[in-house]
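Asker: Structure in structure tokens, see below.
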Amino acid sequence: MKRLTATLLLATTLLAGPSVASADGLNIVFTHHSSASNTFWQAVKKGYDDACGKVEAKCNMIFTQTEGSVEQQLANMRAALAAKPDALLTSIVDNKAFDDVIKEARDAGVLVIAVNVDDTDGAKGNARQAFIGQGFKPAGYSLGKAISESFPKEGPIKVLVGISAPGQNWSESRGAGVMQFLEEYKAAHPDRQVSWERIDSGTDLAVTSDRVGAYLNAHPDTTAYFDTGFWCAGVARSLQDRGVAPGKVLLGGFDLVPEVLQQMQKGYVQALVDQQPYMQGFMPVMEAYLNKKVGLAPSDIDTGQGIVRPDQADAIMTLSAQGLR
1 MKRLTATLLL ATTLLAGPSV ASADGLNIVF THHSSASNTF WQAVKKGYDD ACGKVEAKCN
61 MIFTQTEGSV EQQLANMRAA LAAKPDALLT SIVDNKAFDD VIKEARDAGV LVIAVNVDDT
121 DGAKGNARQA FIGQGFKPAG YSLGKAISES FPKEGPIKVL VGISAPGQNW SESRGAGVMQ
181 FLEEYKAAHP DRQVSWERID SGTDLAVTSD RVGAYLNAHP DTTAYFDTGF WCAGVARSLQ
241 DRGVAPGKVL LGGFDLVPEV LQQMQKGYVQ ALVDQQPYMQ GFMPVMEAYL NKKVGLAPSD
301 IDTGQGIVRP DQADAIMTLS AQGLR
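The sequence shown begins at 1 in UniProt numbering and counts up by one.
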């Protein structure tokens with residue numbers, strides 16, 4: 001807690017004014033699993049770039065060419081480590097793929113912080129030194145609970161859970177949280193027929209729209225669709241194009257990118273979970289800085305699972321468009 005408090009205090013100080021202390025040549029590289037077209041990761045990058053500017057560190061964020069490609073991320077990580085950076089920030093979307101290269105980085109004296117996605121076993125599963133990001137399963141549970149407040153008061157409840165990236169830690173864990181809530185909801189309402197299915201929903205707005213749209217055409221009595229990312233915006237577009245009224249199919253997802261906030265403003269999305277991407281970019285740089293300047297070990301930071309509802313969409317849209325939410 002003391003280390004976390006020190007990190008937050010330093011970040012607050014740096015945000016309040018110009019840089020007052022150089023990182024003395026600190027070289028940080030950030031590899032992850034997403035492409036440059038992913039709106040969410042542009043907000044992470046803004047936080048990363050701002051933090052690097054504050055402490056005058058040399059920084060590089062490396063995107064994949066293909067969204068979600070573990071192979072490309074691994075290749076990028078190996079290439080980046082060949083340049084011998086001081087710190088490696090990386091998402092760990094696969095429990096095995098990055099184990100060896102991260103251990104090699106640690107053995108070479110590179111500080112390694114997992115950002116956005118962690119090994120599902122945390123420090124027991126990977127040699128990374130800390131994790132900065134969301135607790136995915138609790139966040140999925142919170143989303144399930146938030147959407148359930150709009151479930152119809154009688155009749156069957158039929159839910160579709162979209163696993164955006166099957167096999168990847170973040171998507172599977174969020175989906176598991178949603179389904180855990182549904183199991184508890186079913187047990188608490190023995191007089192109701194409650195059922196759910198999961199689907200490979202994809203990480204592209206058009207793909208998700210097609211896949212989930214086809215399911216909804218075949219199952220018009222679906223009560224709600226949960227997405228493990230922001231691609232429920234594509235489903236909202238599909239519903240709108242078909243003339244389906246807002247709220248007929250309840251929609252919930254993650255991340256406050258403009259595409260999904262626009263659909264929330266229209267009434268098609270009932271709840272979103274914010275994981276604060278700007279913070280995920282900013283705070284690991286602060287921890288790398290503290291490690292280099294005063295020898296503080298990096299600490300875990302939970303960037304939250306705040307529920308956002310339609311009455312907040314207008315205010316958040318402005319910040320989201322600036323890359324701050």
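For every residue, glycine included, the Cβ atom is placed at its ideal position computed from N, Cα and C.
Please report the Cβ distance between residue 328 and N95, rounded to the nearest whole angstrom; I am assuming they are in contact, meaning their Cβ atoms lie under 8 Å.
Answerer: With the chain covering 1 to 325 only, the question about residue 328 has no answer from this structure.
Asker: Under 7 Å Cβ to Cβ from Q73, same chain only, skipping five residues before and after it: list those, please.
Answerer: Stepping through the sequence shown from its first residue, residue 73 is reached at position 73. Excluding positions up to five away in sequence, the list reads T31, H32, H33 and T64.
Asker: Could you tell me which residues DSSP pairs with S195 in its beta bridges?
Answerer: Indexing the sequence shown from 1 puts residue 195 at position 195. S195 is bridged to K158.
Asker: Please list the segments of the alpha helix (DSSP H) lying wholly inside the segment 85–152, counting only runs of 4 or more residues, in order along the chain.
Answerer: 99–107 and 136–148
Asker: Rounded to the nearest angstrom, what separates Q263 and K124 at their Cα positions?
Answerer: Mapped onto the sequence shown, residue 263 falls at position 263. Mapped onto the sequence shown, residue 124 falls at position 124. For the pair Q263 and K124, the Cα-to-Cα distance works out to about 40 Å.
Asker: Is it the case that the Cβ atoms of G133 and V110 are separated by a distance below 9 Å?
Answerer: Residue mapping note: residue 133 aligns to position 133 of the sequence shown, counting from 1. Residue mapping note: residue 110 aligns to position 110 of the sequence shown, counting from 1. The answer is no: Cβ separation not under 9 Å.
Asker: Taking just the CA atoms, how far does I147 sit from D191?
Answerer: Here the question's residue 191 lines up with position 191 in the sequence shown. Here the question's residue 147 lines up with position 147 in the sequence shown. Cα-Cα distance, rounded: 19 Å.
Asker: Kindly identify the DSSP beta-bridge partner or partners of L261.
Answerer: Within the sequence shown, residue 261 is the residue found at index 261, counting from 1. Note: L261 sits in no beta bridge, so no partner.
Asker: Can A245 and V269 be called in contact, C-beta distance under 9 Å?
Answerer: Against the sequence shown, residue 245 aligns to sequence position 245. Against the sequence shown, residue 269 aligns to sequence position 269. Not closer than 9 Å, so no.
Asker: Where do the ends of the alpha helix (DSSP H) carrying Y225 lie?
Answerer: Along the sequence shown, read from residue 1 onward, the residue named residue 225 stands at position 225. Note, Y225: premise wrong, no alpha helix (DSSP H); beta strand (DSSP E) at A224 to D227.
Asker: Whole-angstrom Cβ separation of R211 and S201, contact assumed at under 8 Å?
Answerer: Numbered from 1 along the sequence shown, position 211 holds the residue referred to as residue 211. Numbered from 1 along the sequence shown, position 201 holds the residue referred to as residue 201. So it is a contact: roughly 6 Å between Cβ atoms.
Asker: Does DSSP put F254 in a helix, in a strand, or in coil?
Answerer: The residue given as residue 254 occupies position 254 in the sequence shown. F254: strand per DSSP, three-state reduction.
Asker: Return the residue from the list F151, V207 and T208 that minimises the CA-CA distance to Q193.
Answerer: Stepping through the sequence shown from its first residue, residue 193 is reached at position 193. That would be F151, whose Cα lies nearest to the Cα of Q193.
Asker: If you run the structure through DSSP and keep just helix, strand and coil, what is L26?
Answerer: On the sequence shown, position 26 is the one that residue 26 refers to. Three-state DSSP puts L26 in coil, outside helix and strand.
Asker: Any chance the segment 48–66 sits against the segment 224–241, with 3 or more Cβ pairs inside 8 Å?
Answerer: no
Asker: Rounded to whole angstroms, what is the Cα-Cα separation between E154 and K186?
Answerer: On the sequence shown, position 154 is the one that residue 154 refers to. On the sequence shown, position 186 is the one that residue 186 refers to. Distance between the alpha carbons of E154 and K186: 13 Å.
Asker: With a threshold of 8 Å, are at least 3 pairs of Cβ atoms found where one atom belongs to the segment 275–294 and the other to the segment 76–88?
Answerer: yes
Asker: Using C-beta distances below 7 Å, list every residue in its chain close to residue 355, excluding the 5 sequence neighbours before and after it, in chain order.
Answerer: Residue 355 is absent from the model: the chain starts at 1 and stops at 325.
Asker: Tell me whether the beta-carbon of F226 lies closer than 9 Å to the beta-carbon of G267.
Answerer: On the sequence shown, residue 226 is found 226 positions in, with the first residue counted as 1. On the sequence shown, residue 267 is found 267 positions in, with the first residue counted as 1. Contact: no.
Asker: If you draw a straight line from the C-alpha of I92 to the C-alpha of Q305, how long is it?
Answerer: The residue you call residue 92 lines up with position 92 of the sequence shown. The residue you call residue 305 lines up with position 305 of the sequence shown. Between I92 and Q305, the C-alpha separation is close to 19 Å.
Asker: In three-state terms, what does DSSP make of A218?
Answerer: Counting from one through the sequence shown, the residue named residue 218 turns up at place 218. In the structure shown, the three-state DSSP call for A218 is helix.
Asker: If you compare alpha carbons, which of V260, G281, A224 and N217 is closest to R242?
Answerer: Along the sequence shown, read from residue 1 onward, the residue named residue 242 stands at position 242. Answer by Cα proximity: N217.
Asker: Give me the Cα-Cα distance between G213 and G167, rounded to the nearest whole angstrom.
Answerer: Walking along the sequence shown from the start, residue 213 turns up at place 213. Walking along the sequence shown from the start, residue 167 turns up at place 167. So the alpha carbons of these two residues sit roughly 23 Å apart.
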